[in-house]
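Heads up, the thing below is written out as structure tokens.
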Amino acid sequence: MTSRPVCVLLSLISALCGCSTQAPDLAEPYAPTSQDPSISGGAGAPAAPTTNLAGGPSNTSSCDSKPMSANSATSGTPSPTGAGTNAASGGAPTSMGTSTNAAVSGSGAVMPSGPPGISTDTATGELVFRTAPIEIGPGEEAYTCYGITLERDVVIDGFKKSAQPFVHHAQFFMALWPEPEGESVCNEQFKLTWLPIFLAGAGASELRLDDGVGHVIGAGTQLVLQMHLFNATDKKVAQPVEIRMHESKSAHVTPVAPWAIGSSQIDIPPRQAGKAQNVCTVNEPVELLAVFPHMHTLGKQFQVEVGKSMNAMRPLYSRAPYNFDDQRMEKIDIKLEAGDILRVTCDYMNTTDERISFGESSSDEMCFFVAFALGDFPAQADCPNLWEALFTL
């Protein structure tokens with residue numbers, strides 16, 4: 003039996019490398035039940051009790067099964083930057099909601115409090131992922147992960163994180179393969195077994211999807227928060243880190259799932275500029291709702307172009323300059339048609355004495371345009387050689 007996140011990965015691999023994997027289309031939207039007040043309660047609904055949802059049993063199902071109701075309890079075992087511009091809408095704000103990434107200020111830093119785990123905030127109704135206090139000494143830098151396993155099904159349509167200056171960035175993932183529960187050292191900024199669902203920098207950050215769409219996350223799914231920590235003060239820091247999630251109140255929810263294009267063909271000589279590029283073909287219509295352009299510390303500019311032929315390419319999206327210290331997700335409204343050609347380009351400046359290639363570590367480089375697309379298993383674009391290097395890591 004295969005969990006839903008693994009099915010999503012199989013769908014990605016099937017489209018991008020031509021493998022024969024089966025992932026079904028859902029005939030109907032996901033419909034959470036009304037028995038769970040934290041799922042269906044609207045204004046005036048009874049406040050959900052504070053509930054610890056961490057460390058619970060796994061809920062696995064075959065790829066061709068429909069999502070379960072959001073209040074189901076099951077048993078089993080765990081399954082193994084610069085400013086962005088959406089050229090498709092002329093660079094203007096889209097009508098799909100708001101996405102903010104506020105700057106850090108002296109009054110903007112908020113100290114999360116409460117026990118570690120996943121619980122419902124009775125005052126706000128938000129589902130809160132909270133770590134134990136993360137300790138880092140003065141002037142120290144570290145990469146830390148924190149894993150917590152969900153105990154019940156949820157449908158999430160919004161995320162937010164308060165400003166914490168010592169958290170350089172925070173990336174929130176669904177793990178396809180178990181990571182250590184609780185805190186662990188992790189020097190990788192991104193793994194192929196992590197499906198991204200939210201990202202924030204040092205400032206306050208929020209992403210809210212439209213009503214009726216959201217991330218369908220099954221019981222037994224491990225959520226992993228990967229953090230780059232840097233304490234620029236002269237005092238030790240010991241604070242928990244929170245990701246607050248908004249549970250969908252919609253009676254019927256259309257799932258969103260990862261969609262990606264990019265290049266793994268990266269080779270940057272020492273002390274020189276470099277470029278990674280790939281040309282991908284859209285096989286079926288796809289609607290993109292949010293995006294995370296991803297490079298590492300040497301990235302300088304990120305661009306995606308679209309056209310019906312290589313002689314008719316036009317800008318679709320750019321983040322220029324790209325700033326590793328300002329990584330964030332953005333709301334977008336991009337509709338791609340079958341036959342569209344996409345060209346993704348990543349520009350770098352290698353300031354080191356080493357030749358830099360593709361890899362998961364922050365000292366390596368990546369070139370990915372990761373998006374959330376409408377649908378349970380959105381059709382992936384055909385990107386030559388994208389997965390060639392991924393399976394050798």
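Going by this note's numbering, the sequence shown opens with residue 3, and the numbers climb by one from there. Beta carbons: idealized from backbone N, C-alpha and C, even for Gly.
Could you tell me the distance, in whole angstroms, from the CA atom of residue i to the CA atom of residue j?
i      : j      : result
Phe200 : Thr354 : 30 Å
Phe232 : Ala340 : 44 Å
Gly271 : Ile358 : First, the amino acid is wrong: residue 271 is Pro here, not Gly. So the two alpha carbons sit approximately 7 Å from each other.
Val187 : Met229 : 10 Å
Pro260 : Gln274 : 33 Å
Leu294 : Gly301 : For the record, residue 294 in the displayed sequence is Phe; it is not Leu. Cα to Cα, Phe294 sits roughly 14 Å from Gly301.
Met351 : Ser115 : 41 Å
Lys277 : Gln329 : 20 Å
Ala134 : Glu128 : 18 Å
Phe131 : Met312 : 45 Å
Ala125 : Ala202 : 23 Å
Lys237 : His171 : 20 Å
Pro323 : Val218 : 33 Å
Tyr319 : Glu208 : 21 Å
Leu197 : Asp366 : 20 Å
Gly119 : Phe174 : 15 Å
Asp159 : Val255 : 9 Å
Arg321 : Gln303 : 6 Å
Pro34  : Thr151 : Caution applies to Pro34, whose pLDDT of 44 falls short of 50 and renders its modelled position unreliable; the model cannot decide the point.
Gly361 : Ser121 : 35 Å
Gly141 : Ser250 : 40 Å
Asp269 : Met297 : 14 Å
His356 : Gln191 : First, the residue type needs correcting, since residue 356 is Glu and not His in the sequence shown. Computed Cα separation, rounded: 20 Å.
Met176 : Asp335 : 24 Å
Pro317 : Glu153 : 43 Å
Among the residues of its own chain, which have a CB less than 6 Å from the CB of residue i, if the five just before and after it don't count?
i      : result
Gly377 : none
Glu143 : Phe232
Phe374 : Val258, Leu291, Ala292
Arg246 : Glu128, Val130, Lys162
Met331 : Leu201, Leu209, Ala292, Phe294
Asp349 : Lys277, Lys302, Gln303
Phe183 : Phe is not the amino acid found at residue 183; the sequence shown has Glu there. Closer than 6 Å at the Cβ level, and outside the excluded window around Glu183, lie Gly149.
Could you tell me how far apart the beta carbons of residue i and residue j are, in whole angstroms, since I believe they sit closer than 8 Å?
i      : j      : result
Gly149 : Gln224 : 5 Å
Ser164 : Gly214 : Incorrect: roughly 27 Å between the Cβ atoms, too far for contact.
Pro287 : Leu338 : 7 Å
Asp123 : Ala221 : So it is not a contact: roughly 20 Å between Cβ atoms.
Val157 : Gly205 : That pair is no contact at about 27 Å.
Tell me which residues share the same chain as residue i and place their Cβ nearer than 8 Å to its Cβ, disregarding the 5 neighbours each side in the sequence.
i      : result
Met315 : Glu307, Val308, Gly309, Ile343, Arg345
Asn280 : Ile263, Gly264, Ser265, Gln267, Arg345, Val346, Cys369, Cys385, Pro386, Asn387, Leu388
Asn189 : Tyr145, Ser363, Ser364
Glu181 : Cys147, Gly149, Cys188, Gln224, Val226
What residue range does the beta strand (DSSP E) around residue i cover?
i      : result
Asp478 : No statement about residue 478 is possible, as the shown extent of the chain runs from 3 to 395 and does not include it.
Pro380 : Careful: Pro380 lies outside any beta strand (DSSP E) and carries neither H nor E.
Ile245 : 244–249
Pro260 : 256–264
Trp420 : Any answer about residue 420 is impossible in this case: the structure gives the chain only from 3 up to 395.
Arg273 : Per DSSP, Arg273 belongs to no beta strand (DSSP E) and is neither H nor E.
Phe174 : 169–177
Gly139 : Unbroken run through Gly139: none, as it is neither H nor E.
Pro317 : 316–321
Thr122 : 119–122
Thr240 : The question names Thr, yet the displayed sequence has Ala at residue 240. Taken as a continuous stretch (DSSP letters only), the beta strand (DSSP E) holding Ala240 covers 239–241.
Phe131 : 129–132
Met229 : 224–232
Ser207 : 207–210
Gly220 : It is not in any beta strand (DSSP E) - Gly220 carries neither H nor E in the DSSP assignment.
Ser252 : Segment: none, Ser252 is in no beta strand (DSSP E) and carries neither H nor E.
Glu181 : Segment: none, Glu181 is in no beta strand (DSSP E) and carries neither H nor E.
Who are the Cβ neighbours of residue i in its own chain at under 7 Å, not counting the five residues just before and after it?
i      : result
Ala383 : Ile263, Cys282, Thr283, Val284, Asn285, Leu344
Thr299 : Phe326, Ser364
Phe371 : Ala262, Ile263, Gly264, Val293, Pro295, Val306, Val346
Phe168 : Ile138, Leu231, Phe232, Asn233, Val239
Val243 : Pro114, Thr133, Ile136, Gln166, Val169, Ala172, Leu227, Met229
Thr235 : Pro140
Glu289 : Lys337, Ala375, Leu376
Is there a Cβ of chain B sitting closer than 7 Å to that of residue i, yes or no?
i      : result
Gln267 : Among the chains in the structure shown there is no chain B, since it carries only a single protein chain.
Answer yes or no: the CB of residue i versus the heavy atoms of the ligand GDP, is any distance below 6 Å?
i      : result
Phe374 : Ligands are entirely absent from the displayed structure, and the ligand GDP is therefore not among its contents.
Which full runs of the beta strand (DSSP E) of 3+ residues lie inside the stretch 334–373, going along the chain? 343–351, all fully within the stretch 334–373.
Which runs of the beta strand (DSSP E) spanning at least 3 residues fall entirely within the stretch 275–313, listed in chain order? Taking 3 residues as the shortest admissible run, the stretch 275–313 contains the following complete beta strand (DSSP E) segments, listed from N- to C-terminal end: 275–283, 288–296, 301–309.
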